[in-house]
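Working notes, structure below.
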Amino acid sequence: MKTVTLIRVIPVLVVLMAVSSIAPAQGFTQKQTAESTMPEMATYYSVKEYSKSIQELRNTISLNLENVPITNALIQIAQKAELEIAFDSKSFNEDDLISIENNAISVGDALELVLIDTGFESVITLRGEILLKEKQPESVEVADLDIDISGRVTDAETNEPIMGVTVFVVGTQTGTNTDSDGRFTLTIPDDSETLAFSFIGYVRQEITIGDQTEFDIQLATDIALLDDVVVVGYGVQRRTEVTGAVSSIRAEAIQGTPVSSFENALQGRLAGVNVAESTGEPGSAPQITIRGVGSISAGNEPLYVIDGVPISQNSNLQQNVGSQNSNFSATLVNPLATLNPNDIESIEVLKDASAAAIYGSRGSNGVILITTKRGRRESAPMINFRSYVGVNSAFNTPELMNAEELIAYTKDSRNNTYLRQQDPTNPNSAFFNPQYNPDTNAGREASGATGNHLIPEAYVNWDGTDTDWLDLVLDTSILQNYDMNVSGGGENFTYFVGGGFMDQTGIIDGSAFNRYSLNTNLTADISERFQVGLGLNAAFTTHDRKSANAPYFGNPPGIIYSALTQSPVVSPFNADGTYRQLEGSHNDLGGATTTTNHPLAVRDFIDERVNNNRVFGNIFGTYQLMDNLQFKSLLGYDIDNYQRSFYQGTQFFYRGGAPRPYAESSSAQGFNWLWENTMNYQTTLGEDHRLNAIVGFTAQKQNDERNRVIAQNFPDDQVKTVNGGQITGGDQLIEEWSLVSYLARINYVFKDRYLLTGTIRSDRSSRFGPNNQTGVFPSGSLGWLMTNESFMQDQTIFNEIKPRVSYGVTGNFLIPNYGSIGLISSSNYVFSDQLVSAAVPSTLGNAALTWETTHQFNIGLDYAMLEDRIYGSFDYYVSKTTDLLLEVNIPAVTGFTRALTNIGEVENSGFEIQVTSRNMVGEFQWSTDFNFSTNKNEVLALGPEGDAILVPGAAGVRHITEIGSPIGSYYGHRVIGIFNTQEEINNAPVDRLGTPTPGDFQFEDVNGDGVIDNNDRTLIGDYHPDYAWGITNRFNYKNVDFSFFFQGVEGRDVLNLTSRHLRNGEANFSSYAIVNNRWRSPSDPGNGIDPKAERASGGNNNRPSSYQVEDGSYIKLKTISLGYTLPQQLISNFARNVRLYATVTNVAIWTDYIGFNPEVNLSQSSGLTPGEDYGAYPLSRAFQVGIDISF
Amino acid sequence: MNKLKTLLLVIPVMIMVVSCGEDFTILAPQSERNVENFYRTDTDFLTAINGAYAGLASNNAYGRNYVLLHEMRSDNTSNGGGATGLAESLERITLFEELPSAGELERTWATAYSTIARTNTILDRIGNAELDNAALGERIRGEALFIRSLMYYNLAITFGNIPLQLEEVTSPEVEITQVSAGDVYAQIAGDLSTAEGLLAASYSGDNIGRATKGAAATLLGLVELTAGNKAQAATALQRVVDSNQYNLVPNYSDIWGVSNENNVESIFEIQYKSGGAGTGSGFTEYYSPDLSESGGVGGGNVPQAVNDETLTIFEGDDERGMGGSFGLTEADAEYLSKYDANQPNPFDSDANFIVFRYSDVLLMLAEAVGESAQGWGLINQVRQRAGLTVDAQTLPGTYNEILLLERRREFVGENKRWPDLKRFGVAQSVMADFLADEGKSESDIRLLYPIPQRELDSAPGRLNQNPL
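Residue numbers (our numbering), protein chains in the order written: chain A, 1 to 1191; chain B, 1 to 468.
Laid out in structure tokens, this is it:
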């Protein structure tokens, strides 16, 4: 009796295997059925080689054969597999009996097993027919036969034998396959040098033979290999036949990096997918843009589709603290952080219009398809447990002045102003004072010195205090994560249940992120043709937030920026240990220093917590109407709940003022349902045509409701909820949107070489004006599998070459729900000292409002070469977005200052390169993944007159969006140097915006009119990187694996608004250490970048200029990981596999940016004012150790 | 079997098609009113006119910006100097160097026009609405005309030549025509006459604070004075006097303070109430030097100190000096105390702002009738209330000089000084003297503020900028 052990199935791209095997073979056995007359040129696939890649062969069946003839066994297999079979029953001896007992064997394996001792092997045709073919006699070169070798091949991870591994001598025809026990024997010429072991799904291994005759080979699974099928919208497609630009990443790749949400793991991994970690706040969302920013005022985030259900970001459900300036609102808690990364099976990114057009009006920004894990049919329960713990600490902390440096700088600044304005050293000056001493205030006030001229007392008589404020607020923190899942399946059901718990504390004490998650996927066959399934993902997350995304004057203020601004000269604590917020604090320094906030008081006396419950999933049924026609109905749902509370306590003295206790409580719920009905039809016409078509009809609706209560005047901190104070305000908002769509797609393959995909979707959305509610989004793409052409058969370099081209139209519907309707909002007025309600029109309607439309052209090439040692893709795209939704400035005479209109065009174009190279194979393995992408963003048209859009960001107008430049470019004066002498100033164009003296900036006279004024403002950089790249190197040696990952962007600029205070020469705060290299005198001009110190610069050095724009390019050693898989003998008693690992994230960064994080982006919601740094939660470096166990 | 298949397919699709008809994607806002279904009932129009009042109260109008543009601009206040950052743009206003791009100008202009748009919509739509209470409709028309006129007056004295939009706008594409300030005055003089006929003489109960006949007549008087039509101004102002609705409060200091709001002297007063509902006033913050006790920031970026010279303009016993208009801080510094009030949050005070009060009517009437026994009598009436016994006629200076000085004493901190200087034709000479230390001469003194750059840019070629 043969018992078969199932080989771990790793889906693999099979055409990458030997192309030659596709050549038509001779020697069919006689056909049994009349209709299956195969022409001579029929294309078929060897079952042995393709058993892992053809779905029909991967399907598992249950066999219970005991001593049955081979003929019967074959027929049974064919019946259970629902495949046609054709063979001559006389080929087999009736007495050859076979036994197979396995309730989950794949069809391919079963066929292999049955035929293993016969003279036949099986092949499968494109129609799914099994044919038998005489085995090719093994090439025997008698003369050279010399050595007999033997060995066994096992899976490095599971230690299970691998059947069917090709063992051959490199450079010869000599080879064999391993048997079901993984064993092989081979006779090889004595001059053989290298033995190769190759099997689909495993890293190919080469061994120098030498004197060895017995080989014990462990093959490592090749996680880098491509999937054979990829998930595309509304279905799956063989990767070889995909003609759009689709990038995939497998679960293993993202789970290698411990992250709180999967998006973080995507950074630097996929060409064209830009992930920016602009904040290090636990549980906050990184920003993802796919192929550049195509929209100005509508959203730029991609559409996320989880298990077929488009999920809304619902960022409008997260409310901001009402007292906060909207520019400084906290970074969004990540709405997708409710999804446990360990529950994800694969992620596909649809980048071009051909791939994304099936999502119509939501496809413009790209689509990210997430497939969660599910159980496999007929497989024993598999339990996986993963856990890691880690320690975080602040990463890339900027250098600030110490107390002595700041004292010198401050004195310098006061003295320079005093000398310039009132010159006490000049005997002819009314303010002449021989007592003038640059280090003290002696006689200054008596000589007319004002606040700007006085040196703070604490600086004159320094008591030695040198506080490191950043060190006070930045702690180390702990991260822990536990996941467990169970999966498996029976004859007609599958199950997956996964649970996880994550607890992450932030490097600012008191901030934290917690997640409890549950993911379930079930399927069941009700009948042979009727299948139902259910997916449920439920999570509860809590975010303890500390205000960080704001400057010191935000309300609440930012902790980081408050710490940056505090003078090191003051002590943080009063004698009794309380926080020094009043006397003796920075606010008490005098000398016209600006008031700021005590960062520890901000941290400890202001609390915010956001709880997010989210449940989403789907229920579906499929019905096989005919053999090739399937109907599917899917009901998707998404319930998203937020509960937020904020409390600013009575002990917090805002900038030294009186406490203003303030609390908010808000809650919100979003409910989204989707109903989708699709019909899928597959057919093969003759030998040359294959067709797969889908049509569908979907409806989706979202209801949002949120409310908020505000309270003030808390007498004490005993009750921190709104009822502890006086309720002073509140609001409630209910909103809805709906979408009705028809969709269709056809995939057509001709002669396995010529590929065509066409899609069309029509969307009708409530968000658009009644005159313009329906949009149609078509796309088409072509591909050519060149390597399947006969003329390519003789070359051995390329396994695959597939040029492809696509063109399509997508839309962007991320605009306000009621943008087309003139709204009236509520206000208040007072009569007789009582509030009365008032109504005020708040928007001007626009009945013609419609989507932004993106036309994208993509040309690309997929390739694989040198037996898959190198594979990847190239792409070039141009996408043009028209009908840009734009809040244009309109004359205020209308009663409104802005109106939403469809005006303007933006173009994005770029190259993408993705390469995977397996540099070394064998016992020591080394592979490299590399990706590189460029993007050029250019505005082509704007507004009715093409006028540039100047938008005030967090510090006035510093951004411009104008034709010919990238969206949201920085705008201001360009510094061309520092005036060294008065003579230089006299010879330079007159500066109308200041009166520079030596040591002040010289600004460029851009328009050459001889004066420097507002007309000389110009483009001084932009946030969009010119290119981005990532490179991962993985090494494997025996049980040890090691990888490191570099990632970077080039050509990104950051608008460092913190320079307005920490690098402005005024010395009214602490300062970046770089200002130590400032201009001091013509003979000591410093670094040539930083101007002189002056409390009240006559040259207006602090005006918006290129001085505040810094190069944000960086190279980051993002991850180093070292893992060890315990030897099988140690764990065989209790576990299948145990891997221990240690990972360091954010190891090192190389950048010229002087702040914390060159990826910073204050106003994440605005595409028009990107790239501002006004204080942000720093990124952290994480040391983690973890364990993965499977049972 | 085939039937079942068909059913399985057809039923869901049928249900979907039915449930997702055209209406499925026609969704109206639920928690916001919208233009299509509003402006129908009495209540709609009442809340709409309240919204127009809220425009007057905005921080970009009487709540804050008019302090900057009409008081801080004048010689009543001084700036500390050496302003940086945000305060710099305020300092520029005091030095007549404000930039067309200044946010204060942009927002003042935009808020004035959005308030005007609110009244335009009411005026356009109220005629077609069938109101239950026709008299209420008439009153609301009067209030709308008054508010629109008050906004146009403020726009005209601030910016001079401005677009005159008198109808509701429903599309961003609007024709803009700039007219002279004189045309504006002519239009609003007519509107105010109409309004005066529609408005109530006084209010009681829940309506105290709405525009009255007296308010319309007072504004009409001011507009006619500004337009140079003294006779018409005198007629209008005399109607206010003759209405017997108003009187001087016996003690000057009793005009002020939250407990004295809407008193017998008050003709039109912007109503404020603190508490975070967006109905508090911003100007308390500008004058009170140390609001930290009441929760304000105090000082901060606002260089709004009444200057030393202003403190010296009062004759001996003038009750309008210390104790009347001014108080002392704990640090014994003098500050303008007219707007002392509870302020739980920055720019959120209980203090009302008095746009017109009876002494203004008396002094404007004196201005309208010119030097005469009646004129001197009116001036003396105001002086006597302030505790001054010396007959104004015996004071040095011309009638107009004495009248202007009296107005300065009476209305310090009430946003009247800059319009007064302009109306009396002495703005450039007075301000050039005042700013001599800053090197300013008469030609540097702009009589009009620049039209906001944003407006010039958003309607290219339609607006001419004022002299810079």
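Note that beta-carbon positions come from the ideal geometry of N, C-alpha and C, so glycine has one too. Fair warning: this is a prediction, and the values are worked out from it, not measured in the lab.
Chain A within 8 Å of lysine 213 of chain B, Cβ atoms only: So, not an interface residue.
Step through the CB atoms of chain A and report whether any lies within less than 8 Å of the CB of phenylalanine 24 of chain B. Chain A contact via Cβ: present.
Taking all protein chains shown into account, do 16 or more other C-beta atoms lie within 10 angstroms of the C-beta of histidine 689 of chain A, making it buried, or fewer, making it exposed? Classification for histidine 689 of chain A: exposed.
Mark tyrosine 358 of chain B as exposed unless 16 or more other C-beta atoms lie within 10 angstroms of its C-beta, in which case mark it buried. Buried, because 16 or more other Cβ atoms sit within 10 Å of the Cβ of tyrosine 358 of chain B.
For the candidate residues A:Arg238, A:Pro398 and A:Thr213, whose alpha-carbon lies nearest to that of leucine 756 of chain A? Per the Cα distances, A:Arg238.
In the region 582-663 of chain A, which residue ranges form an unbroken alpha helix (DSSP H) of at least 4 residues, counting only runs that do not cross its ends? Listed in chain order, they are 599-605.
Of all the options A:Ser99, A:Ile77 and A:Asn72, which has the alpha carbon lying nearest to the alpha carbon of glutamate 66 of chain A? Comparing Cα-Cα distances from glutamate 66 of chain A to each of A:Ser99, A:Ile77 and A:Asn72, the minimum goes to A:Ser99.
Unbroken stretches of the beta strand (DSSP E), 3 residues or longer, contained in the region 481-534 of chain A: Entirely contained in the region 481-534 of chain A, the beta strand (DSSP E) runs reaching 3 residues are, in chain order, 493-505 and 512-525.
When we look at the beta-carbon of lysine 1192 of chain A and count the other beta-carbons within 10 Å, is it buried (16 or more) or exposed? Absent from the structure is residue 1192 of chain A, since the part of chain A shown begins at 1 and ends at 1191.
From valine 532 of chain A to asparagine 618 of chain A, what distance separates their C-alpha atoms? A straight-line Cα-Cα distance of about 11 Å links valine 532 of chain A and asparagine 618 of chain A.
Helix or strand or just coil, what does DSSP make of asparagine 159 of chain A? DSSP places asparagine 159 of chain A outside both helix and strand once states are collapsed to three, so it counts as coil.
State yes or no: is the beta carbon of asparagine 325 of chain A nearer than 8 Å to at least one beta carbon in chain B? For asparagine 325 of chain A, no CB of chain B lies under 8 Å from its own CB, so it is not counted at the interface with that chain.
With DSSP run on the structure shown, which of helix, strand or coil describes threonine 174 of chain A? Reduced to three states, the DSSP call for threonine 174 of chain A is coil.
Does any residue of chain B bring its CB to less than 8 Å from the CB of serine 837 of chain A? Yes, serine 837 of chain A counts as interfacial toward chain B.
Hey, glycine 108 of chain A and leucine 57 of chain A: beta-carbon distance below 8 Å or not? Cβ distance < 8 Å, so glycine 108 of chain A and leucine 57 of chain A count as in contact.
Run through DSSP, which three-state label would threonine 312 of chain B get? Three-state result, threonine 312 of chain B: coil.
So isoleucine 967 of chain A and arginine 992 of chain A are in contact, right, with Cβ under 8 Å, and what is the actual spacing, rounded? Rounded to whole angstroms, the Cβ separation of isoleucine 967 of chain A and arginine 992 of chain A is 30 Å, and the two are not in contact under 8 Å.
Short CB-CB distance (under 8 Å) between leucine 6 of chain A and chain B: Confidence in leucine 6 of chain A is poor, its pLDDT being 28 and thus under 50, which makes the residue's placement too unreliable to answer from.
In chain B, what lies closer than 9 Å to leucine 823 of chain A by C-beta? Going along chain B in sequence order, the residues near leucine 823 of chain A (Cβ under 9 Å) are Pro29, Glu32, Arg33, Asn34 and Val35.
Cβ neighbours of threonine 759 of chain A in the same chain (closer than 6 Å, five flanking residues each side left out): The residues are Ala357, Ile358, Arg745 and Ser779.
Got a sec, what are the start and stop residues for the alpha helix (DSSP H) tryptophan 462 of chain A sits in? Element bounds for tryptophan 462 of chain A: n/a, residue is neither H nor E.
Considering only residues of the same chain and omitting the five flanking positions on each side of glycine 1065 of chain A, which have a CB-CB separation below 8 Å? Apart from sequence neighbours up to five positions away, the residues of its chain that approach glycine 1065 of chain A with a beta-carbon distance below 8 Å are Ser413, Val1075, Arg1078, Asp1090, Pro1091, Lys1092, Ala1093, Glu1094, Ser1097, Asn1101 and Asn1102, ordered along the chain.
From this set, A:Tyr1027, A:Ile370, A:Ile407 and A:Ser645, which residue's C-alpha is nearest glutamate 664 of chain A's C-alpha? Checking every option, the nearest Cα to that of glutamate 664 of chain A belongs to A:Ser645.
Given a limit of 9 Å on CB to CB distance, which residues of the region 202-230 of chain B reach chain A? Only Tyr203, Ser204, Gly205, Asp206, Asn207, Ile208, Gly209 and Arg210 from the region 202-230 of chain B bring a Cβ to less than 9 Å from some Cβ of chain A.
State the Cα-Cα distance for the pair alanine 156 of chain A and phenylalanine 1042 of chain A, rounded to the nearest angstrom. The C-alpha of alanine 156 of chain A lies about 16 Å from the C-alpha of phenylalanine 1042 of chain A.
Within 10 Å of its beta-carbon, does leucine 866 of chain A have 16 or more other beta-carbons around it, so buried, or fewer, so exposed? By the neighbour-count criterion, in which 16 or more other beta carbons inside 10 Å mark a residue as buried, leucine 866 of chain A falls on the exposed side.
Step through the CB atoms of chain B and report whether any lies within less than 8 Å of the CB of serine 62 of chain A. For serine 62 of chain A, the answer is no, since every Cβ of chain B falls outside 8 Å of its Cβ.
For threonine 218 of chain B, does the three-state DSSP call read helix, strand or coil? If DSSP states are grouped into helix, strand and coil, threonine 218 of chain B belongs with the helices.
I need the straight-line Cα distance from aspartate 433 of chain B to leucine 421 of chain B, nearest angstrom please. One C-alpha to the other measures close to 13 Å.
So if I threshold CB-CB distances at 8 Å, which residues from the region 880-900 of chain A count as touching chain B? Under the 8 Å Cβ criterion, the region 880-900 of chain A contributes Val888, Asn889, Ile890, Pro891, Ala892, Val893, Thr894, Gly895, Phe896, Thr897 and Ala899.
Inter-stretch contact at 8 Å, needing at least 3 Cβ pairs: the region 334-346 of chain A / the region 840-856 of chain A: Between the region 334-346 of chain A and the region 840-856 of chain A there are fewer than three C-beta pairs closer than 8 Å, too few to call the two in contact.
Going along the chain, which residues of its own chain have a beta-carbon closer than 8 Å to the beta-carbon of valine 232 of chain A, five neighbours each way excluded? Exclusion of the five residues before and after valine 232 of chain A leaves Val242, Gly244, Val246, Glu348, Leu350, Ala355, Ile358 and Leu369 as the residues of its chain whose Cβ lies within less than 8 Å of its Cβ.
According to the neighbour-count rule (16 or more other Cβ atoms, all chains shown, within 10 Å of its Cβ), is alanine 1130 of chain A buried or exposed? First, the residue type needs correcting, since residue 1130 of chain A is leucine and not alanine in the sequence shown. Exposed, because fewer than 16 other Cβ atoms sit within 10 Å of the Cβ of leucine 1130 of chain A.
Does any residue of chain B have a CB that is nearer than 8 Å to the CB of arginine 764 of chain A? For arginine 764 of chain A, the nearest beta carbon of chain B is closer than 8 Å to its own beta carbon.
Does DSSP classify phenylalanine 92 of chain A as helix, strand or coil? Collapsing the DSSP output to three states places phenylalanine 92 of chain A in coil.
Given leucine 1055 of chain A as reference, the closest of A:Asn587, A:Ile1115, A:Tyr1027 and A:Ser969 once Cα atoms are compared: If we check each option's Cα against that of leucine 1055 of chain A, A:Ser969 comes out closest.
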